[in-house]
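Chemist:
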Amino acid sequence: MSGLVECVPNFSEGRDQGKVALITDAIKAVKDITLLDVDPGQDTNRTVVTFVGPIEAIEEAAFRGIQKAAEVIDMRQQKGAHPRMGATDVCPFVPISNVTIEDCVELSKRVGHRVGEELGIPVYLYENSAQKKERKSLPNIREGEYEAFPEKLQKPEWKPDFGPAKFNAGAGATVIGCREFLIAYNINLNTRDTRLATDIAFELREKGRSKRIPHSVSKNLLDGEIIRNKDGSPMKQSGKFKDVKAIGWYMDIYNRAQISINFNNYKSSTIHDVFDEACALATERGIRVTGSELVGLIPLEALLMAGRHYLKKQNRSTGVSEKMIVETAAQSLGLNDVAPFNPNEKIIDYAVRNKTEKHIDVATEEFLEEVGSNSPAPGGGSVSALAGSLGAGLTSMVAALTHEKKDFFDKKPLMEEIGDEAQKIKDRLLFLVEEDTNAFNKVMAAIRLPQSSPEEKTTKTKAVREANIYAIRVPWEVAKLSYRVMELALQLVNEGNPNSVSDVGVAGEVGMAAIRGACLNILINLPEVQSDDHFVKDMNTKMDALIPKAEKLQKQILKETINTINS
Numbered sequence: 013m014s015g016l017v018e019c020v021p022n023f024s025e026g027r028d029q030g031k032v033a034l035i036t037d038a039i040k041a042v043k044d045i046t047l048l049d050v051d052p053g054q055d056t057n058r059t060v061v062t063f064v065g066p067i068e069a070i071e072e073a074a075f076r077g078i079q080k081a082a083e084v085i086d087m088r089q090q091k092g093a094h095p096r097m098g099a100t101d102v103c104p105f106v107p108i109s110n111v112t113i114e115d116c117v118e119l120s121k122r123v124g125h126r127v128g129e130e131l132g133i134p135v136y137l138y139e140n141s142a143q144k145k146e147r148k149s150l151p152n153i154r155e156g157e158y159e160a161f162p163e164k165l166q167k168p169e170w171k172p173d174f175g176p177a178k179f180n181a182g183a184g185a186t187v188i189g190c191r192e193f194l195i196a197y198n199i200n201l202n203t204r205d206t207r208l209a210t211d212i213a214f215e216l217r218e219k220g221r222s223k224r225i226p227h228s229v230s231k232n233l234l235d236g237e238i239i240r241n242k243d244g245s246p247m248k249q250s251g252k253f254k255d256v257k258a259i260g261w262y263m264d265i266y267n268r269a270q271i272s273i274n275f276n277n278y279k280s281s282t283i284h285d286v287f288d289e290a291c292a293l294a295t296e297r298g299i300r301v302t303g304s305e306l307v308g309l310i311p312l313e314a315l316l317m318a319g320r321h322y323l324k325k326q327n328r329s330t331g332v333s334e335k336m337i338v339e340t341a342a343q344s345l346g347l348n349d350v351a352p353f354n355p356n357e358k359i360i361d362y363a364v365r366n367k368t369e370k371h372i373d374v375a376t377e378e379f380l381e382e383v384g385s386n387s388p389a390p391g392g393g394s395v396s397a398l399a400g401s402l403g404a405g406l407t408s409m410v411a412a413l414t415h416e417k418k419d420f421f422d423k424k425p426l427m428e429e430i431g432d433e434a435q436k437i438k439d440r441l442l443f444l445v446e447e448d449t450n451a452f453n454k455v456m457a458a459i460r461l462p463q464s465s466p467e468e469k470t471t472k473t474k475a476v477r478e479a480n481i482y483a484i485r486v487p488w489e490v491a492k493l494s495y496r497v498m499e500l501a502l503q504l505v506n507e508g509n510p511n512s513v514s515d516v517g518v519a520g521e522v523g524m525a526a527i528r529g530a531c532l533n534i535l536i537n538l539p540e541v542q543s544d545d546h547f548v549k550d551m552n553t554k555m556d557a558l559i560p561k562a563e564k565l566q567k568q569i570l571k572e573t574i575n576t577i578n579s
């Protein structure tokens with residue numbers, strides 16, 4: 013992915029899918045835009061749309077979405093559970109790949125200016141784009157919601173950053189800006205009592221609550237008289253989690269109350285810590301958390317953090333596959349409670365990958381078909397990387413199986429270490445499966461460069477050399493990683509669960525095959541860089557040292573595997 017920005021506009025329509033479709037069609041019509049998610053809510057009467065693309069495409073698509081929303085949504089008729097101030101309530105830009113915060117701030121200003129000038133909609137900049145401190149927070153800008161804006165716009169301090177200081181009755185006002193990745197997340201309760209949900213929300217959120225004198229007959233912290241400062245303002249008590257916003261509401265569609273949460277920084281306050289605390293607070297109030305749901309998308313890292321957290325609580329190894337870690341997170345957080353949780357649709361890393369890139373783990377059968385076709389790539393280099401990754405996967409599996417056995421309790425730390433390393437090697441080798449094909453394609457592209465002038469010949473010669481060197485370095489990395497897989501396999505022959513020793517033996521065999529195959533790919537490319545004598549000698553020296561070591565190691569693994577099986 014190059015220069016990728018995420019845009020997550022929230023439109024104040026979640027019931028009329030025809031209107032929502034008109035908005036998303038306008039967004040999708042822009043070239044290079046990938047629509048990742050459309051998440052409508054009946055009770056909130058709000059739709060969260062997620063799309064990605066390069067800056068120029070995002071700029072145009074965001075404007076078209078806001079323009080279409082202003083045409084089809086009439087805020088004079090709009091009602092819903094979610095706070096709102098405009099047809100496009102908020103339009104954030106989030107840097108994803110090879111784009112800076114500063115790039116997205118400038119992007120937000122350009123879109124805001126155009127919306128204000130061409131559509132006559134008051135626009136406020138927020139978060140990283142805010143021009144005034146009091147406008148950094150979305151709730152501050154949105155306070156009073158749509159109904160308060162006719163009066164609000166008459167105050168000098170609420171003059172918009174762009175557009176007229178005049179109420180737009182049909183479209184309302186819009187907030188635009190650059191922010192970090194925000195996770196919109198709801199925790200489900202087994203009650204319809206909104207007050208209980210609100211009470212817990214106040215405990216969780218950074219802003220906290222107003223201090224009250226509790227009634228002796230009630231433990232509900234929403235009861236009782238507010239304690240005030242000398243100036244009459246409510247005395248505040250901070251909540252438990254930084255960068256967390258939360259409110260309580262009732263969702264008719266689910267027939268239950270929810271705690272609606274926004275994570276402005278999921279690393280400073282993790283989704284699993286907030287969920288666990290919500291469970292504890294619910295129990296104190298005689299209710300239960302039944303699960304949770306995501307609104308829009310979530311970064312993979314947030315779920316991996318949660319999955320590892322719960323695996324450790326279960327005294328299980330974290331050195332398992334990414335898929336298992338994600339499944340653990342989804343099950344522990346109850347993400348399937350009110351709607352099916354599909355990782356490929358709800359995790360932004362997977363959604364972008366599946367819609368914009370081709371990956372081997374998505375289409376194994378297609379990969380094998382390509383290998384068996386008359387196309388020169390993917391070829392032996394990719395197959396070697398795949399063999400190495402399979403060996404790493406087997407190694408991780410045996411480490412996890414050993415970790416879970418009571419008889420190997422003292423080996424848990426070692427198994428955790430081996431499993432974690434094997435998983436990282438597996439993932440890297442899977443990447444190299446496709447990177448070997450990419451390297452071949454770079455060589456072919458360099459060969460096709462023109463050479464009709466001395467300058468073009470020089471450029472082509474340099475490009476061909478660099479492409480061939482890269483086509484050598486990829487399989488060399490495969491060989492080195494596969495050798496490390498074999499070293500881990502030997503450790504497991506001696507330290508792992510003997511019931512799984514045959515799997516370790518297979519890891520040693522495919523690791524050796526990966527090394528030999530990778531070196532063959534190096535040898536066939538070396539003649540193309542013969543002019544670089546030092547590089548050629550260095551590679552031959554490295555291979556001459558690695559292959560005998562690997563062969564000796566493979567024989568040792570095989571011998572000790574057979575001895576363990578026969579013992």
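Position one of the sequence shown corresponds to residue 13 (the numbering used here), numbered consecutively onward. Idealized CB from N, CA, C, for every residue including glycine.
Just the Cα atoms here: how many angstroms apart are E155 and K148?
Modeler: Locating residue 155 in the sequence shown gives position 143, counting from the first residue. Locating residue 148 in the sequence shown gives position 136, counting from the first residue. Going by C-alpha positions, E155 is about 13 Å away from K148.
Chemist: Taking its Cβ as the centre, do 16 or more other Cβ atoms sit within 10 Å of Q29, making it buried, or is it exposed?
Modeler: The residue you call residue 29 lines up with position 17 of the sequence shown. The residue is exposed, with fewer than 16 neighbouring Cβ atoms inside 10 Å.
Chemist: Pick helix, strand or coil for R460, following the three-state DSSP scheme.
Modeler: As a first step, residue 460 is located in the sequence shown; it is residue number 448 there, counting from the start. If DSSP states are grouped into helix, strand and coil, R460 belongs with coil.
Chemist: Below 8 Å CB to CB, which residues in the same chain sit around G15 once its five sequence neighbours on both sides are set aside?
Modeler: In the sequence shown, residue 15 corresponds to position 3, counting from 1. P66, I67, S109, N110, V111.
Chemist: Quick check on G244: buried or exposed, where buried means 16 or more other Cβ atoms within 10 Å of its Cβ?
Modeler: Along the sequence shown, read from residue 1 onward, the residue named residue 244 stands at position 232. Under this definition G244 is an exposed residue.
Chemist: Please go through the same chain and pick out, in chain order, the residues whose beta-carbon is closer than 8 Å to the beta-carbon of R88, but skip the five residues on each side of it.
Modeler: Along the sequence shown, read from residue 1 onward, the residue named residue 88 stands at position 76. Counting only Cβ-Cβ distances below 8 Å, and skipping sequence neighbours, we find A181, G182.
Chemist: Along the chain, where does the beta strand (DSSP E) that runs through R268 open and close?
Modeler: One-based indexing of the sequence shown puts residue 268 at position 256. Start and end: 268 to 275.
Chemist: Give the straight-line distance between the Cα atoms of L345 and T210, rounded to the nearest whole angstrom.
Modeler: To locate residue 345, count along the sequence shown from 1; it is residue 333. To locate residue 210, count along the sequence shown from 1; it is residue 198. Spanning the two alpha carbons is a distance of roughly 20 Å.
Chemist: CB-CB under 8 Å to V332, same chain, minus the five flanking residues each way: which ones, in chain order?
Modeler: The residue you call residue 332 lines up with position 320 of the sequence shown. So the qualifying residues of the chain are L323, S408, A412, G431, Q435.
Chemist: Measure the beta-carbon distance from K252 to L216 and round it to whole angstroms, keeping in mind my assumption that it falls under 8 Å.
Modeler: Position 240 of the sequence shown, counted from the first residue, corresponds to residue 252. Position 204 of the sequence shown, counted from the first residue, corresponds to residue 216. Right, their Cβ atoms sit about 6 Å apart.
Chemist: Please report how far the alpha carbon of S272 lies from the alpha carbon of R320, in whole angstroms.
Modeler: Walking along the sequence shown from the start, residue 272 turns up at place 260. Walking along the sequence shown from the start, residue 320 turns up at place 308. The alpha-carbon atoms of S272 and R320 are separated by roughly 24 Å.
Chemist: Going by beta-carbon coordinates alone, are I133 and V187 separated by less than 8 Å?
Modeler: Here the question's residue 133 lines up with position 121 in the sequence shown. Here the question's residue 187 lines up with position 175 in the sequence shown. Not a contact, by the Cβ cut-off of 8 Å.
Chemist: In whole angstroms, what is the alpha-carbon distance linking F547 and E218?
Modeler: Residue mapping note: residue 547 aligns to position 535 of the sequence shown, counting from 1. Residue mapping note: residue 218 aligns to position 206 of the sequence shown, counting from 1. Distance between the alpha carbons of F547 and E218 is about 57 Å.
Chemist: Check each candidate in L502, I527, L538 and name the one with the smallest Cα separation from I591.
Modeler: The question about residue 591 has no answer here: the residues shown for the chain are numbered 13 through 579.
Chemist: Reducing DSSP to helix, strand and coil, say where S230 ends up.
Modeler: On the sequence shown, residue 230 is found 218 positions in, with the first residue counted as 1. Summary for S230: the model assigns pLDDT 49, below 50, so the residue's position carries little reliability; its value from the coordinates is reported in the next sentence. S230: coil per DSSP, three-state reduction.
Chemist: Ignoring anything shorter than 4 residues or poking outside the segment 53 to 120, list the alpha helix (DSSP H) runs there in chain order.
Modeler: 67 to 84
Chemist: Here's a check: name, in chain order, each residue in its chain whose Cβ is nearer than 6 Å to the Cβ of T330, leaving out the five neighbours to either side.
Modeler: Along the sequence shown, one-based indexing puts residue 330 at 318. Within the same chain, T330 has close Cβ partners R320, L323.
Chemist: With distances taken between CB atoms, is the gap from F174 to H125 smaller than 8 Å?
Modeler: Working through the sequence shown from its first residue, we reach residue 174 at position 162. Working through the sequence shown from its first residue, we reach residue 125 at position 113. At the C-beta level, F174 and H125 come within 8 Å of one another.
Chemist: Quick one: measure Cβ to Cβ for R96 and S24, integer angstroms, because I've assumed they're closer than 8 Å.
Modeler: Locating residue 96 in the sequence shown gives position 84, where the first residue counts as 1. Locating residue 24 in the sequence shown gives position 12, where the first residue counts as 1. The Cβ separation is near 5 Å, so the contact holds.
Chemist: Using the Cα positions of R224 and P246, report the straight-line distance between them to the nearest angstrom.
Modeler: For the purposes of this step, residue 224 is identified with residue 212 of the sequence shown, where counting begins at 1. For the purposes of this step, residue 246 is identified with residue 234 of the sequence shown, where counting begins at 1. So the two alpha carbons sit approximately 9 Å from each other.
Chemist: Counting only the same chain and skipping the five closest in sequence on each side, list residues whose C-beta sits under 8 Å from that of Y362.
Modeler: As a first step, residue 362 is located in the sequence shown; it is residue number 350 there, counting from the start. Answer for Y362: L312, P355, N356, listed in chain order.
Chemist: Do you know offhand how far P466's Cα is from L309's?
Modeler: Taking the sequence shown and counting its residues from 1, one reaches residue 466 at position 454. Taking the sequence shown and counting its residues from 1, one reaches residue 309 at position 297. Computed Cα separation, rounded: 52 Å.
Chemist: Check whether the Cβ atoms of V445 and L398 lie closer than 8 Å to each other.
Modeler: Here residue 445 is taken as the residue at index 433 of the sequence shown, counted from 1. Here residue 398 is taken as the residue at index 386 of the sequence shown, counted from 1. Yes. Within cutoff.
Chemist: What does the alpha-carbon distance come out to for the pair I39 and V60?
Modeler: Stepping through the sequence shown from its first residue, residue 39 is reached at position 27. Stepping through the sequence shown from its first residue, residue 60 is reached at position 48. Distance between the alpha carbons of I39 and V60: 13 Å.
Chemist: Would you check if the segment 40 to 49 and the segment 80 to 94 touch, i.e. whether three or more CB-CB distances between them fall below 8 Å?
Modeler: no
Chemist: What residue range does the beta strand (DSSP E) around K257 cover?
Modeler: As a working mapping, residue 257 is identified with position 245 in the sequence shown. Where K257 is concerned, the enclosing beta strand (DSSP E) stretches over 256 to 263.
Chemist: Would you report the Cα separation of Q90 and N57, rounded to the nearest angstrom?
Modeler: As a first step, residue 90 must be located in the sequence shown, where it is residue number 78. As a first step, residue 57 must be located in the sequence shown, where it is residue number 45. Between Q90 and N57, the C-alpha separation is close to 8 Å.
Chemist: Per DSSP, what kind of secondary structure is R191 in: helix, strand or coil?
Modeler: What you label residue 191 is simply residue 179 of the sequence shown in a count that begins at 1. Coil, per DSSP.
Chemist: What does a CB cutoff of less than 7 Å around E489 pick up in its chain, not counting 5 residues either side in sequence?
Modeler: Position 477 of the sequence shown, counted from the start, is the residue given in the question as residue 489. These residues qualify, in order along the chain: L444.
Chemist: Between V84 and the rest of its own chain, which residues show a CB-CB distance below 6 Å, the 5 nearest in sequence each way excluded?
Modeler: The sequence position of residue 84 within the sequence shown is 72, counting from 1. Spatial neighbours of V84 in its own chain (CB-CB distance under 6 Å, excluding positions within 5 residues in sequence) are listed in chain order as K31, L34.
Chemist: Identify whether P311 lies in helix, strand or coil by the three-state DSSP scheme.
Modeler: Along the sequence shown, read from residue 1 onward, the residue named residue 311 stands at position 299. DSSP, read as helix, strand or coil, puts P311 in coil.
Chemist: Using only alpha-carbon positions, find the residue among E507, T471, V455, V135 that is nearest to M427.
Modeler: Residue numbering aside, residue 427 sits at position 415 when the sequence shown is read from its first letter. It is E507.
Chemist: Looking at the unbroken beta strand (DSSP E) that takes in V17, where does it start and where does it end?
Modeler: To locate residue 17, count along the sequence shown from 1; it is residue 5. For V17, the uninterrupted beta strand (DSSP E) segment begins and ends at 16 to 19.
Chemist: In the DSSP assignment, the beta strand (DSSP E) including V541 goes from what residue to what residue?
Modeler: Start at 1 with the first residue of the sequence shown, and residue 541 comes out as number 529. First-last for V541: undefined, no H or E at that position.
Chemist: So that I know if they touch, is there some Cβ in chain D lying closer than 8 Å to that of G26?
Modeler: You won't find chain D in this structure, because it holds only one protein chain.
Chemist: Report yes if the C-beta distance between S394 and D448 is below 8 Å; otherwise report no.
Modeler: Taking the first residue of the sequence shown as 1, we reach residue 394 at position 382. Taking the first residue of the sequence shown as 1, we reach residue 448 at position 436. Yes, these two residues count as a Cβ contact at 8 Å.
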